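Asks: Using this note's numbering, the first residue of the sequence shown is number 45, and each one after it goes up by one.
Glycine residues also receive a C-beta, built at the ideal position from the N, C-alpha and C atoms.
Here the structure is a predicted model, which means the values were calculated and not measured.
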Amino acid sequence: MADSGGDVAGAGPSRTGFDTLPSRPPWLTFVLVVAMVVVASGFAHLFRDSAQHVIDWYAGTLDPTAAASEMRWFWLFGLVAATVFVAAWMGRFVERSFGHRTGVEAVAASARGEGRSISFRATWVRTAATWLSSVGLVSIGRESAIIETGGALGTSLGKRSRGRGDALATATIAAAFTAAYHAPIAGVLYVEEHLGVHRSRRGSVFSVAGAVGGHAAAIWLFGGEVIFPSTTGSRWAMLGFGLLVLVPALLAARLFLELRVRVRALALADRFGMPWWTVVAPFALVAGAAVATFPLAAGNGMEAIRQVSLGVTLATALALCVGKLVGTAAAIGAGAPGGILTPTMSLACGAALLTLLAVDRAGLVVTDPWDAAVLAMAVGVAVGLRSPFGAVFLVLWAT
C-alpha cells in the first residue's frame, strides 16, 4: 500500500527464496524472528519520536502542524524548500549508486532469484532523507522509510545468520507496518500485495508472525494507541456519507496518483538535457510554498486529520486537499524519498470535507463529519494505492 521507492504490487516471488531453509537450528530462527520483530517495531516508534523531539527543540511543540502554524511564512518556506532539495539530492545519490537495490521490491527480487536484494546502506540513506523531511516539516509520509528499514534489517540479519534473509524480511516488514499503523491484518495484506507470500507457506507464517508480534510490541512495549478516534454514526448514516464523499475522494486520490507517477523532476531534466538541480529546485520551491500557504499540510498528515474529529473548518479542508496535494506531489516529484500512504488519506479526507462544507452551505446539516472523513480515507487508499482490501483493514482498524 505504501509507496516505498518502486514497489510493484502483485509481483509474486518464486518459492525458492522464502522456502529455502537456513543452515541454522530452528530455535535460533525463532529467536531471530522475535528479536527482529521487536527491533523493527521499536524503530517505527523511534523514527517518529526522534523527529518530533527535534521539532519540539526548535519550535516548542511535538506537532508539526502547530510548529508550521507558529513559524513566520518566509522561514517556513525556506525550511521546507531547503529540506526537500537536500532530501532529493540524497535520493538521487542512492539511485545513482545503488540502482534497484532499494524498496520492498528488492526483497521480492531476491526471493525470485534475480541476484539483487535490498541494500542496507542505501536504505539507511533513504531513511535519513525521509527523517530529515519529517524534521523539516515537509508534506510527506514516513511509512516507506520505516517499512524499508524493517526489510533491510531482516534481510541483513538473515544473511549474516546463514540464511537468505528473504523470509525473515517478510516478518520485519509486516512488523514495521503494523507498528506504524496498529493494523496487523493490513500489515499482512501489505506484505502479500508486494511480495506475494501466499505462494510460500513459510513466507506466510513469517508474515503473520511479524504482524502479530509487531502489534503486541507496539502496544505492550512502546505504548502504542489507536491512531484515530472511533466512528459514531449508524450503518445507514455511514452508507449515506459513503455515497456523498465517494466521488470527491476518488477523484482526489486518482489525481494525486497521476501526479506522482507522471511528474518527476529528474525525468524532466533528462528529457530536456538540463542539470538536475535546475529542475529539482523549482519543485522544492513549490513544496515550500504549499506548506507556507497551508501550514496544516505540514508533516505526514496524521495531526491534521485528527483535528477533523474536533470540528471542520474551510482552512483544514483546503490544507488537507489542496496543500497536501501540491506539497506532497512536489516533494515526491523532486525526488525526496518518502511515503504517500498518509498523504493520500489526507487529501481524500480534505476532498470529502470540502464536499461536506458545500452541502452544509446548501442547507443540509452534517452532524458528524468525522464518519465521512474515515470513509473518504478508505476510498483514498483503495484508489490511490490500488489496495481495496488494505483500505478496509487499515483505516477501519486504525479507528
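Starting from the C-beta of A373, find all residues in its chain whose C-beta is less than 8 Å away, skip the five residues before and the five after it, and write them out in chain order.
Replies: On the sequence shown, residue 373 is found 329 positions in, with the first residue counted as 1. Within the same chain, A373 has close Cβ partners F300, L303, R304 and V307.
Asks: Compare the Cα-Cα distances from P319 to each of F91, R136 and P66 and report the closest residue.
Replies: The count along the sequence shown starts at 1 and reaches residue 319 at position 275. Checked all of F91, R136 and P66; the closest Cα to P319 is R136.
Asks: Comparing C-alpha positions only, which one of L181, A392, A363 and A211 sits nearest to L288?
Replies: Here residue 288 corresponds to residue number 244 of the sequence shown, with the count starting at 1. Comparing Cα positions, the closest option is A392.
Asks: What would DSSP say about G194, mapped onto helix, strand or coil?
Replies: Taking the sequence shown and counting its residues from 1, the one referred to as residue 194 is at position 150. It is helical.
Asks: If V324 and W414 are in contact, beta carbons under 8 Å, what's the gap, nearest whole angstrom?
Replies: Locating residue 324 in the sequence shown gives position 280, counting from the first residue. Locating residue 414 in the sequence shown gives position 370, counting from the first residue. At roughly 38 Å, the Cβ-Cβ gap does not stay under 8 Å, so V324 and W414 are not in contact.
Asks: Just checking T73 against the ligand ATP - is the residue's beta carbon closer than 8 Å to any of the ligand's heavy atoms?
Replies: For the ligand ATP, the structure offers nothing, since it holds no ligand at all.
Asks: So what's G185 in DSSP terms, helix, strand or just coil?
Replies: For the purposes of this step, residue 185 is identified with residue 141 of the sequence shown, where counting begins at 1. Strand, per DSSP.
Asks: Assess, as a yes-or-no matter, whether the region 77 to 95 is touched by the region 253 to 262 under the definition of 3 or more beta carbon pairs within less than 8 Å.
Replies: Yes, they touch.
Asks: Would you report the Cα separation of T64 and G377, rounded to the nearest angstrom?
Replies: Start at 1 with the first residue of the sequence shown, and residue 64 comes out as number 20. Start at 1 with the first residue of the sequence shown, and residue 377 comes out as number 333. Between T64 and G377, the C-alpha separation is close to 39 Å.
Asks: How is G383 classed by DSSP in three states: helix, strand or coil?
Replies: In the sequence shown, residue 383 corresponds to position 339, counting from 1. If DSSP states are grouped into helix, strand and coil, G383 belongs with the strands.
Asks: Tell me whether H97 is buried or exposed, calling it buried when 16 or more other Cβ atoms sit within 10 Å of its Cβ.
Replies: Here residue 97 refers to the residue found at position 53 when the sequence shown is read from its first residue. Exposed, since its Cβ has fewer than 16 Cβ neighbours within 10 Å.
Asks: Just curious, the alpha helix (DSSP H) that A253 is in, first and last residue?
Replies: Locating residue 253 in the sequence shown gives position 209, counting from the first residue. Where A253 is concerned, the enclosing alpha helix (DSSP H) stretches over R245 to W264.
Asks: Given this structure, state the Cα-to-Cα distance separating S431 from P66, to the nearest angstrom.
Replies: By one-based count along the sequence shown, residue 431 stands at place 387. By one-based count along the sequence shown, residue 66 stands at place 22. Whole-angstrom Cα-Cα distance: 33 Å.
Asks: Determine whether the beta carbon atoms of V423 and A293 lie at a separation below 9 Å.
Replies: As a position in the sequence shown, residue 423 is number 379, starting the count at 1. As a position in the sequence shown, residue 293 is number 249, starting the count at 1. Closer than 9 Å, so yes.
Asks: Rounded to the nearest angstrom, how far is the Cβ of M80 from that of G198, given a contact under 8 Å?
Replies: Walking along the sequence shown from the start, residue 80 turns up at place 36. Walking along the sequence shown from the start, residue 198 turns up at place 154. Correct: roughly 6 Å between the Cβ atoms.
Asks: Considering only the alpha carbon of each residue, which of L212, A95 and A341 lies closest to T73?
Replies: Translated into the one-based positions of the sequence shown, residue 73 becomes position 29. It is L212.
Asks: When you compare the CB positions of A95 and S178, do they come within less than 9 Å of one another, or not?
Replies: Taking the sequence shown and counting its residues from 1, the one referred to as residue 95 is at position 51. Taking the sequence shown and counting its residues from 1, the one referred to as residue 178 is at position 134. A contact, by the Cβ cut-off of 9 Å.
Asks: Using 8 Å as the cut-off, can you tell me whether the region 362 to 373 makes contact with the region 332 to 343, which would need three or more C-beta pairs spanning the two stretches below that distance?
Replies: Result yes; three or more Cβ-Cβ pairs closer than 8 Å.
Asks: Quick check on G434: buried or exposed, where buried means 16 or more other Cβ atoms within 10 Å of its Cβ?
Replies: Start at 1 with the first residue of the sequence shown, and residue 434 comes out as number 390. G434 comes out buried.
Asks: Label S141 either buried or exposed according to how many other C-beta atoms from any shown protein chain fall within 10 Å of its C-beta, with 16 as the threshold for buried.
Replies: Along the sequence shown, read from residue 1 onward, the residue named residue 141 stands at position 97. Looking at its Cβ environment, which holds fewer than 16 other Cβ atoms inside 10 Å, S141 is exposed.
Asks: State the Cα-Cα distance for the pair I38 and P339, rounded to the nearest angstrom.
Replies: Absent from the model: residue 38. The displayed extent of the chain is 45 to 443, so no value can be given.
Asks: Are P381 and A131 closer than 9 Å when you measure CB to CB?
Replies: By one-based count along the sequence shown, residue 381 stands at place 337. By one-based count along the sequence shown, residue 131 stands at place 87. Yes, they are a contact pair.
Asks: Taking I376 as part of the alpha helix (DSSP H), name the residues at either end of that continuous run.
Replies: Here residue 376 refers to the residue found at position 332 when the sequence shown is read from its first residue. It spans K368 to A378 - the alpha helix (DSSP H) in which I376 sits, taken as one unbroken run.
Asks: From R186 to G407, what does the alpha carbon distance come to, in whole angstroms?
Replies: Working through the sequence shown from its first residue, we reach residue 186 at position 142. Working through the sequence shown from its first residue, we reach residue 407 at position 363. Roughly 39 Å between the two C-alpha positions.
Asks: Let's see if you can read the secondary structure: which residues bound the alpha helix (DSSP H) around R350?
Replies: Your numbering for residue 350 matches position 306 in the sequence shown. Unbroken alpha helix (DSSP H) run through R350: M346 to V352.
Asks: State the DSSP-derived secondary structure class of G86, mapped to helix, strand or coil.
Replies: Within the sequence shown, residue 86 is the residue found at index 42, counting from 1. Residue state, collapsed to three classes: helix.
Asks: Among I184, A342 and G209, which one has its Cα closest to the Cα of S163?
Replies: Here the question's residue 163 lines up with position 119 in the sequence shown. Closest by alpha carbon: G209.
Asks: Ignoring anything shorter than 4 residues or poking outside the region 289 to 317, list the alpha helix (DSSP H) runs there in chain order.
Replies: Whole alpha helix (DSSP H) segments, 4+ residues: 309 to 316.
Asks: In terms of residue numbering, what span does the alpha helix (DSSP H) encompassing T222 cover?
Replies: As a first step, residue 222 is located in the sequence shown; it is residue number 178 there, counting from the start. Note, T222: alpha helix (DSSP H), D210 to Y225.
Asks: According to the Cβ coordinates, are G383 and I191 closer than 9 Å?
Replies: As a position in the sequence shown, residue 383 is number 339, starting the count at 1. As a position in the sequence shown, residue 191 is number 147, starting the count at 1. Yes, the pair counts as a contact, with Cβ atoms nearer than the cut-off.
Asks: Are the CB atoms of F129 and A328 within a distance shorter than 9 Å?
Replies: For the purposes of this step, residue 328 is taken as the residue at position 284 of the sequence shown. For the purposes of this step, residue 129 is taken as the residue at position 85 of the sequence shown. Yes, the Cβ-Cβ distance between A328 and F129 is below 9 Å.
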